[in-house]
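Engineer:
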Amino acid sequence: MKLWGGRFEKSTDALVEDFHSSISFDQRLYKQDIQGSIAHARMLGEIGVLTSAEAQQIIEGLKGILTDIREGKIQFEIGAEDIHMNVEKLLTERVGTVGKKVHTGRSRNDQVALDLRLFLREEIDHTQELLITLLRTVLDLAKEHQETYMPGYTHLQKAQPISFAHHMMAYAQMFLRDSGRLKDTRQRLNVSPLGSGALAGTTFPLEREMVAQELGFDGITWNSLDGVSDRDFALEFLSAASILMMHLSRLCEELVLWSTGEFQFVIMDDGYSTGSSIMPQKKNPDVAELVRGKTGRVYGDLVALLTVMKGLPLAYNKDMQEDKEQVFDAVDTIQKSLLVVEPMLRTMKVNKKAMAEGAKGGFTNATDLADYLAKKNVPFREAHEIVGKLVLYCSKRGCGLEDLTLKEFQEHSDVFAEDLFESIGIEYCVRQRHIPGGPSPESVAQAILWTEHILEQFTGG
Ligand code: ARG
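Taken in order, the sequence shown gives residues 103 to 563; the numbers are from the numbering used here.
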């Protein structure tokens with residue numbers, strides 16, 4: 103007999119039984135479901151809807167179920183549809199008729215909204231820990247490599263010299279924003295929908311704040327329709343997760359590129375690379391590639407839930423049962439990705455020599471030469487033209503700007519003097535960019551301090 107079977111004359115078709123049951127995946131919410139029911143029952147006891155003895159019996163029963171599920175002693179039933187009804191059924195089997203009172207003033211619609219909020223709150227906290235560990239590793243790399251020079255790129259063409267620290271600090275900023283987004287999501291989701299009922303609240307004088315407080319919420323939702331039909335919090339999480347994956351994916355893409363024989367900027371640790379079944383020489387950056395690939399899954403989770411939600415009339419619709427697998431998949435994917443990217447980054451070797459070599463070719467100092475002229479009062483556009491001609495001149499000879507003689511420079515502009523050579527040295531070019539946010543070692547040191555300061559506020563507050 104179904105918990106909702108009263109108005110039915112025939113039983114559910116076996117195909118439907120299987121099709122609409124969510125217990126195979128929503129059993130993952132058992133802890134949150136029981137936690138919510140305990141808080142609800144306690145409150146029902148406090149306000150006299152249940153006697154305190156009844157409330158106590160229910161709470162004890164629920165605690166026993168929690169322990170038994172944890173110990174793997176419970177076999178869930180597809181026929182009981184979802185985690186909510188499985189728990190309620192188990193409760194009634196254990197404590198008798200009083201178990202049938204736990205659902206007073208409640209609906210599975212507000213119950214599932216509650217469970218998912220509790221679940222995500224916990225997973226956001228765990229994700230934050232993993233993300234911050236990664237961020238600290240990125241900061242450590244930046245601290246170590248403030249004077250490791252490398253080419254910076256635009257269009258994947260060598261552009262201007264920077265340092266490896268500066269490159270890493272770009273990712274530090276991305277991860278810091280990701281952390282901020284998760285923090286915002288957590289703050290907005292942390293309100294209790296319990297008391298919204300099926301859609302229109304309840305006639306019982308529930309103490310919503312009492313339940314919210316017991317469950318660690320900052321407050322309650324303020325519209326019962328919205329309380330059961332809102333999945334913004336899940337979408338916000340999936341959006342934040344998608345952006346975070348996009349950042350991890352870009353980092354991984356660079357690691358794949360940098361570990362090629364052509365670049366050789368980094369050497370991946372053996373523990374984070376794999377071989378080929380046919381080509382004996384191969385050492386492939388599979389881990390980085392897989393993180394890049396898994397980014398697609400998380401985008402898929404976001405787009406799937408956005409699409410589920412877009413046409414739904416208020417309030418609850420069964421379509422919304424589709425929210426859980428997307429959320430679970432995204433949680434698992436970002437956590438596993440964060441977990442593996444951190445040690446991959448920490449253990450890789452940075453090839454300073456290859457980076458420094460790379461920083462030299464490709465006229466990465468051309469802008470600095472134009473700046474040199476501009477600082478001697480040549481209008482920048484003219485300076486750009488002069489240096490452009492010099493680059494062409496060098497290209498035809500197969501040399502760099504630094505290989506020309508002063509005479510050759512002066513043939514292009516009489517403003518050039520001996521001091522130009524200093525101004526186009528790679529190290530000098532980076533050091534001169536000591537603008538806040540720039541790549542000079544002192545600017546990067548400043549950025550590291552600022553980032554650590556914000557991080558402290560995040561983790562302390
Ligand atoms: N298993 C359902 C879900 O995850 C719980 C809510 C069901 N509510 C209902 N009215 N059928 O969405």
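Where is the CB? At the ideal position from N, CA and C, for every residue including glycine.
Any heavy atom of the ligand ARG inside 7 Å of the beta-carbon of GLN129?
Structural biologist: no
Engineer: Tell me whether SER124, by its Cβ, gets closer than 7 Å to a heavy atom of the ligand ARG.
Structural biologist: yes
Engineer: Would you list the one or two residues that DSSP bridges to PRO263?
Structural biologist: PRO253
Engineer: Provide the residue(s) that pair with SER294 in DSSP beta bridges, ordered along the chain.
Structural biologist: ILE322
Engineer: Quick one: what's got a C-beta closer than 7 Å to ALA343's C-beta in the same chain, skipping five residues either side?
Structural biologist: Excluding positions up to five away in sequence, the list reads VAL400, ALA432, ILE436.
Engineer: Between which two residues does the alpha helix (DSSP H) containing PRO445 stretch?
Structural biologist: For PRO445, the enclosing alpha helix (DSSP H) starts and ends at 425-449.
Engineer: Cα-Cα, which of PRO307, ASP388, LEU278 is closest to LEU346?
Structural biologist: LEU278
Engineer: Should HIS349 go down as buried or exposed, given a rule of 16 or more other Cβ atoms within 10 Å for buried?
Structural biologist: buried
Engineer: Compute the distance between the beta-carbons of ILE185 and ASP135, then report whether it is under 8 Å.
Structural biologist: Taking 8 Å as the cut-off, the beta carbon of ILE185 is found closer than this to the beta carbon of ASP135.
Engineer: May I have the straight-line CA-CA distance separating ASP128 from LYS426, to the nearest angstrom?
Structural biologist: If I take the Cα positions, the gap works out to 7 Å.
Engineer: When the Cα of HIS247 is compared with those of HIS142, PRO543, PHE319, GLU162, which residue comes out closest?
Structural biologist: PRO543
Engineer: With a threshold of 16 other CB atoms inside 10 Å of the CB of GLY563, please say whether the residue is buried or exposed.
Structural biologist: Residue placement at GLY563 is poorly supported in this model, since its pLDDT is 49, which falls under 50; the coordinates still yield a value, given next. Exposed, since its Cβ has fewer than 16 Cβ neighbours within 10 Å.
Engineer: Roughly how many angstroms lie between the CA atoms of LEU236 and CYS496, to the nearest whole one?
Structural biologist: Roughly 43 Å separates the two Cα atoms.
Engineer: Can you grab the Cα-Cα spacing for the pair PHE306 / VAL151, in whole Å?
Structural biologist: 8 Å
Engineer: Below 8 Å on the Cβ atoms is my contact criterion, and I expect PRO541 with HIS268 to pass it. Report the Cβ-Cβ distance as a whole number of Å.
Structural biologist: Correct: roughly 4 Å between the Cβ atoms.
Engineer: On the three-pair Cβ rule with 8 Å, is the stretch 246-263 touching the stretch 521-539?
Structural biologist: yes
Engineer: Whose C-alpha, out of VAL489, LEU220, HIS142, PHE266, is nearest the C-alpha of LEU51?
Structural biologist: Within the shown structure, residues of the chain are numbered from 103 to 563, placing residue 51 beyond reach of any answer.
Engineer: On the DSSP bridge assignment, give the partners of ILE180 in chain order.
Structural biologist: Its beta-bridge partners do not exist; DSSP assigns none.
Engineer: Whole-angstrom Cβ separation of ARG310 and GLY297, contact assumed at under 8 Å?
Structural biologist: 4 Å
Engineer: Can you tell me whether DSSP reads LEU369 as helix, strand or coil?
Structural biologist: The sequence given here places Ile at residue 369; Leu does not occur at that position. If DSSP states are grouped into helix, strand and coil, ILE369 belongs with the strands.
Engineer: Report, in whole angstroms, the separation of the C-beta atoms of LYS133 and LEU168, which I expect to be a contact under 8 Å.
Structural biologist: 7 Å
Engineer: If you scan the stretch 510-546 from start to end, which runs of the alpha helix (DSSP H) of 4 or more residues do you find wholly inside it?
Structural biologist: 522-525, 528-533
Engineer: Using the DSSP secondary-structure output, state which residues sit across from ASN386 in a beta bridge.
Structural biologist: Bridge pairing for ASN386: THR376 [DSSP].
Engineer: Determine the extent of the alpha helix (DSSP H) in which GLN158 is found, giving its start and end residues.
Structural biologist: That run of the alpha helix (DSSP H) goes 154-172.
Engineer: With a threshold of 8 Å between beta carbons, is LYS412 in contact with chain C?
Structural biologist: Given the protein chain composition of this structure (a single chain), no chain C is represented.
Engineer: Based on the DSSP output, what are the partners of VAL452 in its beta bridges?
Structural biologist: In the DSSP assignment, VAL452 forms a beta bridge with VAL368.
Engineer: If you follow the alpha helix (DSSP H) that LYS202 is in, where does it begin and where does it stop?
Structural biologist: Taken as a continuous stretch (DSSP letters only), LYS202 belongs to no alpha helix (DSSP H), as it is neither H nor E.
Engineer: In angstroms with no decimal places, state the Cα-to-Cα distance between VAL197 and ILE160.
Structural biologist: Rounded to the nearest angstrom, the two C-alpha atoms are 7 Å apart.
Engineer: Let me know if CYS354 comes out buried or exposed under the rule of 16 or more other beta-carbons within 10 Å of its beta-carbon.
Structural biologist: buried
Engineer: Kindly give me the distance between the Cβ atoms of LEU105 and MET187, rounded to whole angstroms, as I take these residues to be in contact under 8 Å.
Structural biologist: 5 Å
Engineer: So which of HIS205, LYS203, MET271, ARG288 has the shortest CA-CA distance to ASP227?
Structural biologist: ARG288
Engineer: Can you tell me whether ASN211 is buried or exposed? The criterion is at least 16 other CB atoms within 10 Å of its CB, across all chains shown.
Structural biologist: buried
Engineer: Could you tell me whether the stretch 438-458 touches the stretch 368-383, where touching means 3 or more Cβ pairs closer than 8 Å?
Structural biologist: yes
Engineer: Kindly indicate which three-state DSSP category THR362 falls into: helix, strand or coil?
Structural biologist: Of the three classes helix, strand and coil, the one that applies to THR362 here is coil, per DSSP.
Engineer: Give the C-beta separation of SER331 and ALA406 to the nearest angstrom, bearing in mind that I take them to be a contact with Cβ-Cβ under 8 Å.
Structural biologist: 18 Å between Cβ atoms; not a contact.
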